[in-house]
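Numbering of the sequence shown is given in our numbering, commencing with residue 88 and proceeding in unit increments.
Note that the Cβ used here is the ideal one computed from N, Cα and C, for glycine as well.
Here the structure is a predicted model, which means the values were calculated and not measured.
Down below is the structure, laid out as structure tokens.
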Amino acid sequence: MKRNILLIGSGGREHTLAWKITQSDQCGELFVCPGNAGTSSIATNIDLDINNIDGLVTFCNKNNIKLIVVGPEQPLVDGIQNKINEHPNGTDILIVGPDQHGAQLEGSKAFAKKFMQKYNIPTADYKEFNQESRQEGINFIEKQNLPIVLKADGLAAGKGVLILEDREEAKKEFNNLLDGKFGAASQKVVIESFLKGIEFSVFVLTDGINYKILPIAKDYKRIGKGDTGLNTGGMGSISPVSFVTEALMNQVEKEIIKPTIKGIVTEKMNYKGFIFIGLILTEEGPQVIEYNCRMGDPETQSVVPRIQNDIIDLFVSLGDGSLIGHEIEIDARTAATVVLVSGGYPEAYTKGKKITNTENIKDSLVFHAGTVLRNNELLTNGGRVLAVTTLSESQSDALALSFKNARQIVFEGRYFRDDIGFDL
Ligand code: AMP
Ligand code: GLY
Numbered sequence: 088m089k090r091n092i093l094l095i096g097s098g099g100r101e102h103t104l105a106w107k108i109t110q111s112d113q114c115g116e117l118f119v120c121p122g123n124a125g126t127s128s129i130a131t132n133i134d135l136d137i138n139n140i141d142g143l144v145t146f147c148n149k150n151n152i153k154l155i156v157v158g159p160e161q162p163l164v165d166g167i168q169n170k171i172n173e174h175p176n177g178t179d180i181l182i183v184g185p186d187q188h189g190a191q192l193e194g195s196k197a198f199a200k201k202f203m204q205k206y207n208i209p210t211a212d213y214k215e216f217n218q219e220s221r222q223e224g225i226n227f228i229e230k231q232n233l234p235i236v237l238k239a240d241g242l243a244a245g246k247g248v249l250i251l252e253d254r255e256e257a258k259k260e261f262n263n264l265l266d267g268k269f270g271a272a273s274q275k276v277v278i279e280s281f282l283k284g285i286e287f288s289v290f291v292l293t294d295g296i297n298y299k300i301l302p303i304a305k306d307y308k309r310i311g312k313g314d315t316g317l318n319t320g321g322m323g324s325i326s327p328v329s330f331v332t333e334a335l336m337n338q339v340e341k342e343i344i345k346p347t348i349k350g351i352v353t354e355k356m357n358y359k360g361f362i363f364i365g366l367i368l369t370e371e372g373p374q375v376i377e378y379n380c381r382m383g384d385p386e387t388q389s390v391v392p393r394i395q396n397d398i399i400d401l402f403v404s405l406g407d408g409s410l411i412g413h414e415i416e417i418d419a420r421t422a423a424t425v426v427l428v429s430g431g432y433p434e435a436y437t438k439g440k441k442i443t444n445t446e447n448i449k450d451s452l453v454f455h456a457g458t459v460l461r462n463n464e465l466l467t468n469g470g471r472v473l474a475v476t477t478l479s480e481s482q483s484d485a486l487a488l489s490f491k492n493a494r495q496i497v498f499e500g501r502y503f504r505d506d507i508g509f510d511l
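Shown next, in the form of structure tokens:
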């Protein structure tokens, strides 16, 4: 049976998902909203207002779409799943992505911390503060060990976490947050203990009761070599992660994944979608840094090419209770992803630079993020522009080929980190 699908998002994650979806025999027409130049080459880009639920449902009905895959977190946190399924003509549309309640695991740090505490999931000790408890927060900072970790409660475009080495600076930033540095997102602030260790990411697909573990990955968040400098959306990723042994994954499953699913069931979240668990391997074992209610970007670019299953089968199984019967088949090779960004990113950068040579890359996958086609010319249209992913038996070969091919692609100001995987 052919299925028409709507995929929401415009980044490298969405191009990768679109690429995987179109490999399925079941793929009918795939629409990507709004998409990028990469998705337009394999699917139909469509500019819909995703806040107009009536318009969205009408579009789905007109195009016989019964499956919507939501890439980014914002629409999920805004309740797109509930709104579509509560619409009289949208009740039978399967949304890959949790309801608003489930999306709070990403949308509110305080909610996620409470959840973890309730279900005994290892995470940093914390306290939450608001306007009324501002002075208690200042007193708390006085007593906290350095560095001090401050987190805006809500979504803040990846900028809501501050790690401060100086107590006075921490107090100042804490006040800035409560004074509205991130608007409503920082009306509540979580202060937590700093955890020391190496980070990795676990991805889980769940129908809200059962779950399947997807390939693990590690991303590289900082702009500079050796993971230094400003935070970005992500400069590269690798999957699998050499230091994550089977024993460690068993521990993660027992201490983190199972209790998370138990919490989802007990709290009656309607959660059909991805859970992305950001973990840190401390001396006391793995602990949760954060939950995300979606796939990661650029982790998806390394994780999804390693999944050998028909991804539409997996998505459909979330709706009909058949997830439990699926085994996730994983390509044993290593996937290494290098992200090409615009000069200046993550600070100010210029768009509209001509990109050449993507079509000559034969031994890597090229996923688009901030790209646009104008008069048949491929142009940069964002900070993160493209991702080059290579699959190889050896991690060093996968990385070397990704670096080589990243070098082949040319646009003015192009920058990428040529040390992705340096610590593995
Ligand atoms: P988040 O926005 O929650 O992903 O946090 C961004 C980054 O801040 C994480 O990837 C970690 O590198 C770092 N981080 C967050 N919380 C902690 C913590 N408690 N201890 C150490 N590092 C942290
Ligand atoms: N790469 C981190 C994220 O997608 O949140």
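Check: C-beta atoms of M336 and D186 nearer than 8 Å; Outcome: no
Check: Option nearest E215 by Cα separation, candidates S324, L242, K275, R501; Outcome: K275
Check: Whether V375 touches L366 by CB criterion (8 Å); Outcome: yes
Check: Residue burial classification, N492 (beta-carbon count within 10 angstroms, cutoff 16); Outcome: buried
Check: Chain-order list of residues whose beta-carbon lies under 8 Å from that of R420 (same chain, five-residue window excluded); Outcome: R393, L478, S479, E480, A485
Check: Where G320 sits in the DSSP three-state scheme; Outcome: coil
Check: Burial state of R471, where buried means 16 or more other Cβ atoms lie within 10 Å; Outcome: buried
Check: Option in Q495, L143, L154, M88 with minimal Cα separation from E446; Outcome: Q495
Check: Beta-carbon gap between A487 and Q388 smaller than 8 Å; Outcome: no
Check: F454 vs H102 beta-carbon contact at 8 Å; Outcome: yes
Check: Touch test, the region 334–354 against the region 259–277, Cβ-Cβ under 8 Å, three pairs minimum; Outcome: no
Check: Rounded Cβ spacing between K438 and G469 (contact assumed at less than 8 Å); Outcome: 7 Å
Check: Near the ligand GLY: P385 beta-carbon under 7 Å from a heavy atom; Outcome: yes
Check: Inter-stretch contact (C-beta, 8 Å, three-pair minimum) for the region 278–290 and the region 330–346; Outcome: yes
Check: Backbone CA spacing between T293 and Q204 [nearest angstrom]; Outcome: 21 Å
Check: Cross-strand partners of G184 (DSSP beta bridge); Outcome: Paired residue(s): none; G184 is not in a bridge.
Check: For T424: DSSP bridge partner residues; Outcome: S324, T476
Check: For G320 and D384, believed in contact at Cβ under 8 Å, the rounded distance; Outcome: 6 Å
Check: 7 Å CB neighbourhood of I399 in its chain, flanking five on each side removed; Outcome: R90, I108, S111, Q113, C114
Check: Nearest-angstrom beta carbon gap, L154 and F402 [assumed within contact, 8 Å]; Outcome: 6 Å
Check: Alpha helix (DSSP H) segment containing E229, residue limits; Outcome: 221–230
Check: V497 classed as buried or exposed, judged by whether at least 16 other C-beta atoms fall within 10 angstroms; Outcome: exposed
Check: Exposure of I235, with buried meaning 16 or more beta-carbon neighbours within 10 Å; Outcome: buried
Check: Span separating the alpha-carbon of E256 from that of I310; Outcome: 23 Å
Check: Residues of its chain near N176, where Cβ-Cβ distance is below 6 Å and the 5 sequence neighbours each way are ignored; Outcome: V144, N148
Check: Cβ separation of L104 and V459, assumed to be a contact under 8 Å, to the nearest whole Å; Outcome: L104 to V459, Cβ: 19 Å. No contact.
Check: Cβ neighbour criterion (16 or more within 10 Å) applied to I250; Outcome: exposed
Check: Distance cut 5 Å, beta-carbon to the ligand AMP heavy atom: residue list by chain order; Outcome: A211, V236, V248, E279, F281, L282, I376, E377
Check: D306 beta carbon near the ligand GLY (any heavy atom closer than 7 Å); Outcome: yes
Check: Given A271 as reference, the closest of D306, I285, R254, N217 once Cα atoms are compared; Outcome: N217
Check: Option nearest G142 by Cα separation, candidates S451, C120, R254; Outcome: C120
Check: Secondary structure of N91, DSSP reduced to three states; Outcome: strand
Check: Exposure label - L117; buried when at least 16 CB within 10 Å; Outcome: buried
Check: Integer-rounded CB distance, given that S324 should sit under 8 Å from E386; Outcome: 5 Å
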